[in-house]
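Undergrad: Just dropping this structure here.
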Amino acid sequence: MSKVAEERDFLGVFGVLWRGDALLLGENQRRLSPGQDPVPVFDLPGGEVEAGETLEEALVREWREETGCAIQLGGFLFVQEGIRRIDGRRSHVWRSFFFEVRTQEEPFPEGELRSLLWCPRRDLGQVLTAPYHQSFLDFLDKGGCYQRGSWG
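Quick note: to get the working numbering, add 852 to the position in the sequence shown (first position is 1).
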């Protein structure tokens, strides 16, 4: 279940893997609002940085858990920072780091992922629809190493 939807600060790391013009996304279940049942959402593979982990260690672990792949980190892309509001009040913040990744292996859904999708870039706006996705879409459109978001 998404830690981002819980009422506590979140530090995450996510990997961006392109195959031609298609981006790898994983389908999982997310609770996007308090009291809401989990819904299917496509996200970039990655997740929460655990205590004592570096960003690289967390991303390697998350990719192994979610796609079965060993990865190599490419370049740093950007950091996303956002404020989550619930019922109009500030609940918590999230910070997520995004890196290019490479792999020699074929990804397959593992762990919490239900499926994988190679999504063409032109379709990302229709597939990445959760509130926290907007800053990633903004990065793709405008670039920049820092993206600010809000949710709720």
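Each residue gets a CB set at the ideal place from its N, CA and C atoms; glycine is no exception.
Please read all numbers here as calculations on a predicted model, not as lab measurements.
How big is the Cα-Cα spacing for E909 and P886?
TA: Computed Cα separation, rounded: 31 angstroms.
Undergrad: Buried or exposed for Q932, going by 16 or more other Cβ atoms inside 10 Å?
TA: Per the 10 Å Cβ criterion, buried.
Undergrad: Please report the distance separating the alpha-carbon of E905 from that of R974.
TA: Those two C-alpha atoms are separated by around 35 angstroms.
Undergrad: Classify E957 as helix, strand or coil using the three-state DSSP reduction.
TA: E957: coil per DSSP, three-state reduction.
Undergrad: To the nearest angstrom, report how far apart L968 and A874 are at their CA atoms.
TA: Rounded to whole angstroms, L968 to A874 spans 12 angstroms at the Cα level.
Undergrad: When burial is assigned at 16 or more other CB atoms within 10 Å of the CB, is E859 buried or exposed?
TA: By the 10 Å Cβ count, E859 comes out exposed.
Undergrad: Please list, in chain order, all residues of the same chain as R954 whose beta carbon is under 7 angstroms from its beta carbon, the five residues on each side excluded.
TA: Cβ within range, chain order: I923, Q924, G926.
Undergrad: Quick check on Y998: buried or exposed, where buried means 16 or more other Cβ atoms within 10 Å of its Cβ?
TA: Under this definition Y998 is an exposed residue.
Undergrad: CA-CA distance, V868 and D895?
TA: Computed Cα separation, rounded: 10 angstroms.
Undergrad: What is the C-beta distance between S1002 and I935, in whole angstroms, given that I count them as a contact (C-beta under 8 angstroms)?
TA: Correct: roughly 5 angstroms between the Cβ atoms.
Undergrad: I'd like to know whether the C-beta atoms of V865 and L907 end up nearer to each other than 8 angstroms.
TA: A contact, by the Cβ cut-off of 8 angstroms.
Undergrad: Compare the C-alpha of G940 against each of G1004, R883, C971, V901 and name the closest.
TA: Comparing Cα-Cα distances from G940 to each of G1004, R883, C971, V901, the minimum goes to G1004.
Undergrad: Going by the CB atoms, is the gap between L976 and F951 shorter than 8 angstroms?
TA: No, Cβ-Cβ distance for F951 and L976 is not below 8 angstroms.
Undergrad: What is the DSSP secondary structure of P983, reduced to helix, strand or coil?
TA: In this structure, P983 counts as helix in the three-state DSSP scheme.
Undergrad: For E879, which option in Q888, G996, E962, Q956 has the closest C-alpha, if you only look at C-alpha atoms?
TA: Per the Cα distances, E962.
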